[in-house]
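Participant:
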Amino acid sequence: MAAIIPCHYCVSLTPKWFNSNTTHSGRLSYPLRGLRGFNARCSNQPSHHSEVQNNHNEKSFSFKKCAISIALAVGLITGVPTLGWPTNAQAANSVFSDLSVLISGPPIKDPGALLRYALPIDNKAIREVQKPLEDITESLKIAGVKALDSVERNVRQASRSLKQGKTLIVSGLAESKKEHGVELLSKLEAGIDELELIVQDRNRDAVAPKQKELLQYVGGVEEDMVDGFPFEVPEEYQNMPLLKGRAAVDMKVKIKDNPNLEECVFHIVLDGYNAPVTSGNFIDLVQRHFYDGMEIQRADGFVVQTGDPEGPAEGFIDPSTEKTRTIPLEITVNGEKAPVYGATLEELGLYKAQTKLPFNAFGTMAMARDEFENNSASSQIFWLLKESELTPSNANILDGRYAVFGYVTENEDFLADLKVGDVIESIQVVSGLDNLVNPSYKIAG
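Using our numbering, you'd call the opening residue of the sequence shown number 40 and step up by one each time.
What follows is the structure in structure tokens.
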């Protein structure tokens, strides 16, 4: 199903000389690059991922501006996820792939890395350890054992940063979590030494698993730096279910008509630090078993979507009020401690703002809503099946307009195998339930 956006929105981003094709009664549908391939079989085991300042410069950047406008209007997405969208439209093919060379620097597409960088901490020392370890992923894209020369530089930089910044890292740990954080730092230090030996032995295959282990230690240390919840949720939302921290769920899906794959368990990490209302609403519905037995309702190569209950309602009917429970649009911007509520970044004029939880990763999880009503989200959720390759973060029409609240971190590739009619057997909270406050499911029994 290709969801769409109004044609007037696209035209405002498109050069006058570009002759666009309109579909669906004057609306323009356009694709986003980056469909991800996959080879592994699903299992329950974890899988081994300026502004121009003078006229001269303005002329030199004119083509880049024009090209990015085209990319926004023609090459971003097949359509916007909305409530109750038909399930039979098809995704279009990507276009203008050559324009990707205009975007400098690869986007962060690994869900684990996105979650680590989204933590509400300000400790430069640990980030200087983290970055070279994250960069190993790019280094491994070099063919053969030549990649190990680049990996060796990454490891040496991480080791040096850890030795030089260890005191600052320890001082940044929350007092109640300091003992655990110091323990993780010791494991990290020993693990970096082990990775150096792996590189010296030219054992390329052992690099990625060890990198993953080390980054888990880094993420743990960074989480131990978070002391309490970093902000106050606005008063009008304080009585709603809120996730004040992080949680993880396992979603088990029964897959039909696929001889190679009968069922799959998707591990999803939910980020209440940056989306407490959205995440809390979802966890509360999970605890009500709202999604158990529900079918996948959209699967078009762009997103996988579900959450529309049977009957005329397009969301969750709260039995205590007999009305649809809706939640506000909730988006956290880099540099801000608290989310903005009820408005898109475009409406706020924050065109260059970067979101803390961007639509970068394959399996980015977000809330569907009515296209023209920001605060209409209720129970319908979707997972993005594209990666940010053509456009950087926040240069597309999803970032800043839809509330991201988590990422699939295990078996995400198999989202592309899901079809309309496949059944969610269960979603279970496996960690972080104690971070949920105001749980309405308990009131409902």
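Using N, Cα and C, we set each Cβ at its ideal position, and we do this for glycine too. It should be emphasised that the depicted structure is a prediction, and the values quoted were computed from it without experimental measurement.
With DSSP as the reference, identify every bridge partner of Tyr446, one or two as the case may be.
Facilitator: In the DSSP output, where bridge partners are listed per residue, Tyr446 has Val308 and Thr403.
Participant: Please name the residue, chosen from Ala392, Tyr441 and Ile436, that lies closest to Ala416 on a Cα-to-Cα basis.
Facilitator: Measuring from the Cα of Ala416, the nearest candidate turns out to be Tyr441.
Participant: Helix, strand or coil, according to DSSP, for Ile366 in the structure here?
Facilitator: The answer is strand: DSSP assigns Ile366 an E or B state.
Participant: Which residues bound the beta strand (DSSP E) around Leu423?
Facilitator: Taken as a continuous stretch (DSSP letters only), the beta strand (DSSP E) holding Leu423 covers Ile420 to Leu423.
Participant: Thinking Tyr330 and Thr345 are a contact (beta carbons under 8 angstroms), I'd like their distance in whole angstroms, please.
Facilitator: The Cβ separation is near 7 angstroms, so the contact holds.
Participant: Helix, strand or coil: how does DSSP classify Gln203 here?
Facilitator: Reduced to three states, the DSSP call for Gln203 is helix.
Participant: With respect to the beta strand (DSSP E) encompassing Ser465, which residues constitute its N-terminal and C-terminal limits?
Facilitator: Val462 to Ser470 is the extent of the beta strand (DSSP E) around Ser465.
Participant: On the DSSP letters alone, give me the boundaries of the alpha helix (DSSP H) that Val221 sits inside.
Facilitator: Note, Val221: alpha helix (DSSP H), Lys217 to Gln239.
Participant: Just mark His328 as buried or exposed, buried being the case when its beta carbon has 16 or more other beta carbons within 10 Å.
Facilitator: Exposed, since its Cβ has fewer than 16 Cβ neighbours within 10 Å.
Participant: Take the Cβ of Gly332 as the centre, count every other Cβ of all protein chains shown within 10 Å, and call the residue buried at 16 or more, exposed below.
Facilitator: With fewer than 16 Cβ atoms within 10 Å of its Cβ, Gly332 is classed as exposed.
Participant: Tell me the DSSP secondary structure of Gln277 in three-state form.
Facilitator: Coil, per DSSP.
Participant: Taking Lys251 as part of the alpha helix (DSSP H), name the residues at either end of that continuous run.
Facilitator: Where Lys251 is concerned, the enclosing alpha helix (DSSP H) stretches over Val246 to Glu262.
Participant: Could you spell out the range, first to last residue, of the alpha helix (DSSP H) harbouring Gln344?
Facilitator: Run containing Gln344: none in the alpha helix (DSSP H); it sits in the beta strand (DSSP E), Val342 to Thr345.
Participant: Suppose contacts are defined by Cβ-Cβ distances below 8 angstroms. Is Ala405 in contact with Leu424 by that definition?
Facilitator: No, the pair does not count as a contact, with Cβ atoms beyond the cut-off.
Participant: Between which residues of its own chain and Pro273 is the CB-CB distance below 8 angstroms, once the five residues before and five after are set aside?
Facilitator: The residues are Tyr380.
Participant: Quick one: is Ser210 buried, meaning 16 or more other Cβ sit within 10 Å of its Cβ, or exposed?
Facilitator: Looking at its Cβ environment, which holds fewer than 16 other Cβ atoms inside 10 Å, Ser210 is exposed.
Participant: In the structure shown, what three-state DSSP assignment does Thr394 receive?
Facilitator: In this structure, Thr394 counts as strand in the three-state DSSP scheme.
Participant: Rank Glu301, Val447, Ala352 and Glu361 by C-alpha distance to the C-alpha of Asn399 and give the top, closest one.
Facilitator: Checking every option, the nearest Cα to that of Asn399 belongs to Val447.
Participant: Using 10 angstroms around the beta-carbon of Phe355, count the other beta-carbons present and answer buried if the total reaches 16, otherwise exposed.
Facilitator: With 16 or more Cβ atoms within 10 Å of its Cβ, Phe355 is classed as buried.
Participant: Under 8 angstroms, do Val168 and Val238 count as touching if we go by C-beta distance?
Facilitator: No, these two residues do not count as a Cβ contact at 8 angstroms.
Participant: Have a look at Lys283 and Val476 and give me their C-alpha separation to the nearest angstrom.
Facilitator: Each residue's Cα considered, the two are about 7 angstroms apart.
Participant: Let me check one thing: in DSSP terms, what residues is Tyr380 bridge-paired to?
Facilitator: Answer by DSSP bridge pairing, in chain order: Glu369.
Participant: Roughly how many angstroms lie between the CA atoms of His306 and Leu224, to the nearest whole one?
Facilitator: Going from the Cα of His306 to the Cα of Leu224 covers about 26 angstroms.
Participant: Output the distance between the C-alpha atoms of Thr360 and Glu375, rounded to the nearest integer angstrom.
Facilitator: Rounded to whole angstroms, Thr360 to Glu375 spans 34 angstroms at the Cα level.
Participant: I need the DSSP call for Asn474, collapsed to helix, strand or coil.
Facilitator: Helix, per DSSP.
Participant: Output needed for Ile175: all residues of its chain with C-beta closer than 6 angstroms, excluding positions within five of it in sequence on either side, in chain order.
Facilitator: Result list for Ile175: Val190, Asn193 and Gln250, in chain order.
Participant: Around the Cβ of Leu437, are there at least 16 other Cβ atoms within 10 angstroms (buried) or fewer (exposed)?
Facilitator: Buried, by the Cβ-count rule.
Participant: Based on Cα-Cα distance, which residue from Leu368, Thr403 and Phe401 lies nearest to Glu510?
Facilitator: Residue coverage of the chain in this structure runs from 40 to 484, which leaves residue 510 outside it and unanswerable.
Participant: Which whole-angstrom value is the C-beta distance of Gly439 and Thr394, which I expect to be below 8 angstroms?
Facilitator: Right, their Cβ atoms sit about 6 angstroms apart.
Participant: Can the beta-carbon of Asn151 be found less than 8 angstroms from the beta-carbon of Ala286?
Facilitator: Note on identity: in this sequence residue 151 is Gly, with Asn being the wrong assignment. Not a contact, by the Cβ cut-off of 8 angstroms.
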